[in-house]
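Novice:
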Amino acid sequence: MMNVIGASVSEAAMTSHHETRDIVLPNQTDHVPQVAVDIGGSLAKVVYYTPSEAKGGRLHFKIFETEHIDACIDFIAELMNSARALAPQVKQVLQATGGGAYLFYDLLEQRLPGVVVEKDDEMECLTAGLSFFITEIPYEVFSYNELDPNPIRFEETPKNIYPYMIVNIGSGVSILKVTGPNQFTRISGTSLGGGTLWGLLSLLTDASSFDDMLEMSKEGDNRNVDLLVGDIYGTDYSKLGLKSSRIASSFGKVFKKGERQDKAKFESPDIAKSLLYMVSNNIGQIAYLNAQQHDIKRIYFGGCFIRGHPVTMNTLSYAIKFWSKGDMKALFLRHEGHLGATGAFLKHRSLPKPNLSCAFPSRSM
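Read in order, the letters of the sequence shown are residues 26 to 390 in the numbering used here.
(1) Write down the C-beta distance between Tyr169 and Asn52 rounded to the nearest angstrom, noting that I regard them as a contact closer than 8 angstroms.
(2) Is it the case that the Cβ atoms of His363 and Lys70 are separated by a distance below 8 angstroms?
(3) For Asn193, name the three-state secondary structure that DSSP assigns.
(4) Using the Cβ count rule (16 or more neighbours within 10 Å means buried), how would you classify Gln318?
(5) Can you tell which of Ile30, Gly368, Ser33, Asn28 has the C-alpha that lies nearest to the C-alpha of Pro206?
(6) Would you mind sorting Gln286 into buried or exposed? The rule is 16 or more other CB atoms within 10 Å of its CB.
(7) Kindly indicate which three-state DSSP category Gln53 falls into: helix, strand or coil?
(8) Give me the Cα-Cα distance between Lys116 and Val141, rounded to the nearest whole angstrom.
(9) Can you give me the start and stop residues for the alpha helix (DSSP H) that Tyr130 sits inside?
(10) Let me know the secondary structure DSSP gives Thr45 once reduced to three states.
(11) Could you have a look at Arg388 and say whether DSSP puts it in helix, strand or coil?
(12) May I ask you to verify whether the stretch 227-243 touches the stretch 322-336, counting CB pairs closer than 8 angstroms and requiring at least 3?
(13) Report the rounded CA-to-CA distance for Glu90 versus Pro163, giving the unit in angstroms.
(14) Drop a sphere of 10 angstroms on the beta-carbon of Leu265, count the other beta-carbons inside from all chains shown, and report buried for 16 or more, exposed for fewer.
(15) DSSP three-state call for Ala79: helix, strand or coil?
(16) Near Glu171, what residues of its chain come up, given a Cβ to Cβ distance below 6 angstroms and the 5 sequence neighbours on each side ignored?
(17) Does the ligand GDP have even one heavy atom less than 7 angstroms from the beta-carbon of Ile94?
(18) Below 8 angstroms between beta carbons: does that hold for Ser67 and Ser242?
(19) Mind reading off the beta-carbon distance from Ser274 to Tyr313? Whole number of angstroms is fine, and I expect it under 8 angstroms.
(20) Determine the extent of the alpha helix (DSSP H) in which Gly368 is found, giving its start and end residues.
(21) DSSP three-state label for Gly1, please.
(22) In terms of residues, what are the limits of the alpha helix (DSSP H) holding Asp99?
(23) Under 8 angstroms by Cβ, that's how I've got Met190 and Tyr325 pegged, so tell me the actual separation to the nearest angstrom.
(24) What is the residue span of the alpha helix (DSSP H) that Ser227 lies within?
(25) What separation, rounded to the nearest whole angstrom, lies between the Cα atoms of Thr337 and Glu240?
(26) Would you mind stating whether Gly327 and Gly123 have Cβ atoms separated by less than 8 angstroms?
(27) If you draw a straight line from the alpha carbon of Thr204 to that of Ser305, how long is it in whole angstroms?
(28) Checking the sheet assignment: what are the DSSP bridge partners for Gly205?
(29) Under three-state DSSP, which class holds Ile296?
(30) Taking the alpha helix (DSSP H) that Phe158 belongs to, which residues open and close that run?
(31) Only counting the same chain, and skipping five residues up and downstream in sequence, which positions put a Cβ closer than 6 angstroms to that of Ser216?
(32) Here's a check: name, in chain order, each residue in its chain whose Cβ is nearer than 7 angstroms to the Cβ of Ser213, leaving out the five neighbours to either side.
(33) For a minimum of 3 consecutive residues, which ranges assigned as the beta strand (DSSP E) are wholly contained in the stretch 319-369?
(34) At the level of alpha carbons, what is the spacing between Thr45 and Ile257?
(35) Out of Gly218, Ala355, Pro294, Arg211, which has the shortest C-alpha to C-alpha gap to Phe179?
(36) Report buried or exposed for Lys290, applying the criterion of at least 16 other Cβ atoms within 10 angstroms of its Cβ.
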C-alpha cells in the first residue's frame, strides 16, 4: 500500500525539466516491487520507487525516446535486478501502458525474465494518474500567465474535482471528459500533436531532439514567418476584438515569397516558434470547443509536449481564456508527462481514499 501522507515534490532534485523531480513519500514503509512504463509513439515514460535509508522513500520519473526502447528496457532491467537483490522472494511486476505496451510486449517479456509484464488500459491509467496528482500531491497543479509577476500560480484542490477535462498531448492528442473515479469518455482528439511539431521541425530545421526544438523556438520570432492581422489591416481589427499581433495565417509570409532564394532567408528559430504557435493554438481552440459543448470549466493539459515550456503553456492558457472570455481555466502539472505511467504504477496499489475536501493553500513560484 502506498502511504501518501506528507507527500511532496522534491525541490532539491533540480533537473533539466521540472517534471522529472522526485516525489518524496516520508511515511512509506511497505516494499513496492513494481515499475511502471508508459510507451507512446514518441516517448517512453518510467515511474519507479526507491526506499530511503531510514523511513520513507521516493517516486522517480524518467523519459526515453521510443526509438531507443532498448535503452529504456535496459534501465528497467537494472531497476528490477536491484529490487530483486533487496527482496528476492517478492514477485516483480512491470505495469505497462500506452500503445507500446502491446507493440513491445513480447520484447519486454523476452528482455525481462522473471518479471510479470501486465498491460494496463491507457486511458484508465491517464485519468487515475491525474486524479492522484490533483488530490494527493500539494503544489502540483498550477495555472500560467506570462503577464503576472509570478507566472506560475499553484492551485487549491477543489472540494469536488469532477467533472474535468484532460487534454493529453503526446504524438497525437486525446481529449477525455472525466465525471468520477474510473468514469470517463473520450470526447475528441486530433492527429495534430507533438509528433506533428517534431516531424515538421525535423524536416525544416537541423534540431536533433524535441528539447532542441523547444530551445530553438525560444530564440525565434514568428512575426518573420506568420501573417498577422496587422499585416493585413495595418492596425487592430477592433470590431472583432482582434489585435494587430494576432496570427491571421500561420506561415502566411512564406507563401508570399516567390523566389526560392527568398524562402531560404527564413531562420530555423522563427520556423520553430511559428510551428509551436500553430500546433498549440489549434489544440487550445479544440479544447475550448469541447469544454464549451460539455459545460466544463477546468481543463487539465498533460503530456510530454508541454515540458513546462513557457511559450506552450502561455499559448494554451491564452487560447482558453480568449475563447471562453475568462470563463474557463487552463491548468498544468509539474509531472505532466508521467500521468499515464503514474496511473499504471498505482494500478494495483490501493491508495487511501482521496480527501477531496482538503485544499492546499495557493502559492506562487
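For every residue, glycine included, the Cβ atom is placed at its ideal position computed from N, Cα and C.
Specialist: If we stick to the structure as given:
(1) Going by Cβ atoms, the distance from Tyr169 to Asn52 rounds to 31 angstroms, so no, they are not a contact pair.
(2) yes
(3) strand
(4) exposed
(5) Out of Ile30, Gly368, Ser33, Asn28, Gly368 has the C-alpha closest to the C-alpha of Pro206.
(6) Residue placement at Gln286 is flagged as unreliable, the pLDDT there being 48, under the threshold of 50; the coordinate-derived value follows with that caveat. Per the 10 Å Cβ criterion, exposed.
(7) coil
(8) 8 angstroms
(9) Start and end: 130-136.
(10) Assignment of Thr45 by DSSP, reduced to helix, strand and coil, places it in the helix class.
(11) With a pLDDT of 41 at Arg388, under the threshold of 50, the predicted position of this residue should be treated as unreliable, and no value is reported.
(12) yes
(13) 29 angstroms
(14) exposed
(15) Judged by DSSP in its simplified three-state form, Ala79 adopts coil rather than helix or strand.
(16) Asn339
(17) The ligand GDP is absent from the structure shown, which contains no ligands of any kind.
(18) no
(19) Not quite, the Cβ-Cβ distance comes to about 20 angstroms (not below 8 angstroms), so this is no contact.
(20) Per DSSP, Gly368 belongs to the alpha helix (DSSP H) from 364-370.
(21) Since the first and last residues shown for the chain are 26 and 390, residue 1 lies out of range.
(22) 94-111
(23) 7 angstroms
(24) 219-229
(25) 12 angstroms
(26) Against a cut-off of 8 angstroms, the Cβ pair of Gly123 and Gly327 comes out as no contact.
(27) 26 angstroms
(28) Gln208
(29) helix
(30) 147-161
(31) Gly197
(32) Ile200, Ile311, Asn315
(33) 323-327, 354-358
(34) 44 angstroms
(35) Ala355
(36) exposed
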